[in-house]
Amino acid sequence: MYLIQAGIVAALGGWWWALAYLLVTPLTGLGAMRWQRSWRKWRSRLRYRKLQQQGDARLSELIGLRQTLRAALRRAEMEALDTETAS
């Protein structure tokens, strides 16, 4: 699809425009992907802070569940390491 578009650009505007199109399009795509990730992270942080300021019970519950899960994973990791070194 990308090469077809470059061919159309070459047919309409010349090889110089097609070359520019071939070089610039991937760069703008990478920039857009990076911007999108940054935007999502920023939006997520904003939501978290808003819930934190409101004292939302769901946020407190999620933080507690996260801590419980992390502790369980640490215990499982330690058990796996203990059984690995014992054998």
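Numbers 779 to 865, taken from the working numbering, label the letters of the sequence shown in order.
Yeah, the Cβ is synthetic: ideal placement off N, Cα and C, and Gly gets one too.
Keep in mind that this is a model prediction, so the values were computed, not measured.
Burial state of residue i (16 or more Cβ within 10 Å)
{"i": "residue 744", "result": "Because the chain is modelled from 779 through 865, residue 744 falls outside the range shown and cannot be assessed."}
{"i": "residue 796", "result": "buried"}
Distance cut-off 7 angstroms: residue i Cβ against heavy atoms of the ligand ATP
{"i": "residue 815", "result": "The model on display carries no ligand, and the ligand ATP is accordingly not part of it."}
Own chain partners of residue i with C-beta closer than 8 angstroms, once the 5 adjacent residues on each side are dropped
{"i": "residue 850", "result": "none"}
Own chain residues within Cβ distance below 6 angstroms of residue i, not counting five before or after
{"i": "residue 809", "result": "none"}
Chain C within 8 angstroms of residue i, Cβ atoms only
{"i": "residue 826", "result": "Protein chain content of the structure displayed is limited to a single chain, and chain C is not contained in it."}
query: Contact between the stretch 799-815 and the stretch 780-791: three or more CB pairs below 8 angstroms?
result: yes
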